[in-house]
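S.K.:
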Amino acid sequence: MRSDLTAFLMMQYKNNQSVLVVIYAKDTNRVLMLQRQDDPDFWQSVTGTIESGETPKNTAIRELWEEVRLEISENSTALFDCKESIEF
Numbered sequence: 001m002r003s004d005l006t007a008f009l010m011m012q013y014k015n016n017q018s019v020l021v022v023i024y025a026k027d028t029n030r031v032l033m034l035q036r037q038d039d040p041d042f043w044q045s046v047t048g049t050i051e052s053g054e055t056p057k058n059t060a061i062r063e064l065w066e067e068v069r070l071e072i073s074e075n076s077t078a079l080f081d082c083k084e085s086i087e088f
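In the UniProt record's numbering, the protein residues as written are 1 to 88.
#1: In chain order, what are the residue ranges of uninterrupted alpha helix (DSSP H) at least 4 long that sit wholly in the segment 6-77?
#2: For the candidate residues 47, 57 and 56, whose alpha-carbon lies nearest to that of residue 68?
#3: Here's the rule: buried if 16 or more other CB atoms are within 10 angstroms of the residue's CB, otherwise exposed. What is residue 63?
#4: Could you say which of 74, 76, 66 and 77 lies nearest to residue 34 if we only look at CA atoms?
#5: Residues in its own chain within less than 6 angstroms of residue 36 by CB, not counting five upstream and five downstream?
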């Protein structure tokens, strides 16, 4: 019961700000997409929730390491677009 309550509270107060990372290979004109293990018909780019105290750039760097084991520096990233939207 306690774990159900904890999970419910975490869902209610989870940070809803996230990043989407596009890994683009200029020489081949390709974009990296990840195939989900839980749904092989679903492909996505690297995404992740911004943790407390993180910048979007720091989140992107962390998620690249966590999801594809790609280690990059802050100097090798660029923020091209940033949008805020609310959809229901």
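Ideal placement from N, C-alpha and C gives every residue a C-beta, glycine not left out. All of these numbers come straight from a predicted model, not from anything done at the bench.
M.R.: So, to answer that:
#1: Within the segment 6-77, the complete alpha helix (DSSP H) runs of at least 4 residues are 56-68.
#2: Of 47, 57 and 56, the smallest CA-CA separation from residue 68 is found for 47.
#3: Flag for residue 63 reads buried.
#4: With distances taken between Cα atoms, residue 34 lies closest to 66.
#5: The residues are 42.
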